[in-house]
Structure formats: C-alpha cells, structure tokens
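Input: a single structure, listed below in structure tokens.
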Amino acid sequence: MSLYRVFDIAGSGLTAQALRLNTTASNIANANTVSSSIDQTYRGRHPVFAAELDRAQEQQGAGVKVMGIVESDAPLTTEYNPSHPMADENGFIYKPNVNVIEEMANMISASRSYDANVQIADAAKQMLSRTLTLGQR
Amino acid sequence: MAISFDKAFGLHPQGMLLREKRSEILADNIANADTPGFKAKDLDFQTALANARSHQSASVSRTHEKHFVISSDMRHEVKFRNVEQTDTGDGNSVDIHRERNAFSQNSMEYQASLNFLNGKISGLKKALGGGQS
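As they're listed, the protein sequences go chains A and B.
Okay, so the first sequence: first residue is 1 according to this note's numbering, each after it adds one.
Okay, so the second sequence: first residue is 138 according to this note's numbering, each after it adds one.
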C-alpha cells in the first residue's frame, strides 16, 4: 500500500532536515572558536542532499538521502591579535568561516521543512486510519 | 435485480489507489524541497484514471502463464511539473506551498472517496439486512 511509503518518504525528509539542523547547531556553537593554526580551525559544515536515485528511476516517490557532509572552503577569518593567548608566533589568530546570519537562515529553513514533513506524515496517518475503519459505521 | 459487489463501488477503489500514489509523489516532492537539482513531479490524475477505467472495462485476465501481465503502469502518467517560480539557483523546482496545498487537496479528495464508500457500504448492509438493521 502506497500510503505506508509516505511514512518512509516523510521520515527520510525528517532525518535529512534534522541532520541539517544538527550541522547548523554545530556551526553556530563553533562560530566564535579561536585557534592558532589554519589546519585546526573549525570550518562550517553542510549536508548534501540527493534524491534516492535507485527508486527515483522507477518514477516513484523515493525520499531524500544525505550524501554526506562537506566542509565549507570559504576563506577563514584571520585576525592580528598578539595579546591573545592562542596567537601564533606572528601574532595571528584564526576564526571559523561560519557566517552566523547565513546559519540562522539555514536553521529557519530546516525547521520549516521539518514541519512540512511532519504535517505530511500526519495527513497520511489520518488517511490510513480512516481507511482502516472503512465500512465500520 | 442482483446486487453486483464488483460494480457497487464504482470508480472509487481505482481513484483511491491513484490518490495514494499521488500522495506518495507529493510527499517525495516535499521531502526533496531542499535537494539541489530535484525536479517536482506530479501524477496526471485524469489520464491515470482514464487508463485505470479502460483496464477495468476491458477486464483482461490471464488464462495462460505465458500471457503478459497487464498492470496499470504509472510510468507514463507521472510527469514533471511546469515550473512557475523563478530559478532558485540550485536547479530545484519544488514550490513547497504549492506542493502542500496539492497534498492537502489530494487527501481531502481521498477522504471524500472514503465517505462515498462508507455510504455505499452502509447501503449494501441495509439491503442485505432486509431493512431491519
């Protein structure tokens, strides 16, 4: 029955959006971390979504899959601050390439999409439960 | 006049199957609302129902195991949506509001079919009980 598939699909959407919310939380939490070398600096993380291809080719609904998480390659913020305890020998500190405003927008978008998927699952639940009581009145 | 259980429900069973299918496709659109390069799809309901109808009236049955199975193949009835919004830059053509409206409309129509079926079933029950129940 296709209606059960709706739960799978909406569930995949929930998983994907929850992961996006997770990475956003991690990015915002680490937005102000300071490090003394470029390699150790936190970089913004973003999930990559893709439609599940194997089933999508059958022209059916298939849901969404998280292909992986990539680190942003935007330039890091370098700051000259010799009095900082984390400053390197040249007096520089390095800050993550996280744009907090962008992350906030990302967070709102993710939570709205999460809501939409929850509502879809809810509607499917109603349709199913009414179908299961068909003819029992 | 004999009661035909096959015909009692009319087109509603086929219609409900298609509505289920459509709800799956619309849920997929919404789940992929943020997937780059994803194109929104929808079921061409009218064509699909017409096809289901013609299959029904032709009533094809297999009498030999080598006969082909004629199943209602949705492949030609699922189409990509016409894009009405401007390109968002990532190749995604899902308009989330439109999909949500379509989904709730679809589920209302499904429940309308359910109500019709409930009415038909209670009518049949009444007929079977001789009007005593």
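Glycine included, every Cβ here is placed at the ideal spot set by N, Cα and C.
- Restricting attention to B/LEU163, B/ASN169 and B/GLY266, the CA atom closest to the CA of B/LEU180 is found in B/LEU163.
- In this structure, the straight-line span from the alpha carbon of A/GLU89 to that of A/THR23 is close to 32 angstroms.
- In the DSSP assignment, B/GLY152 falls within the unbroken alpha helix (DSSP H) covering 149-168.
- Nearest CB-CB separation between B/ASP165 and chain A: below the 8 angstroms threshold.
- For A/GLU103, the closest C-alpha among the options A/SER2, A/GLN126, A/ASP8 and A/PRO47 is that of A/PRO47.
- Annotated three-state conformation of B/LYS178 is strand, per DSSP.
- Chain-order list of chain B residues neighbouring A/VAL64: ALA168, ASN169 and THR172, by C-beta distance under 7 angstroms.
- The residue from B/ALA168, B/GLN151 and B/LYS262 with its alpha-carbon nearest to that of B/PHE182 is B/GLN151.
- For the pair A/GLY13 and A/THR77, the Cα-to-Cα distance works out to about 34 angstroms.
- In this model, A/LYS95 and A/ILE108 are separated by some 24 angstroms (Cα to Cα).
- Interface flag for B/ARG218 against chain A is unset, since no Cβ pair is found closer than 8 angstroms.
- Contact annotation: in the region 226-257 of chain B, residues whose CB is within less than 8 angstroms of a CB in chain A are ILE233, ARG237, PHE240, SER241, SER244, TYR247, GLN248, LEU251, LEU254 and ASN255.
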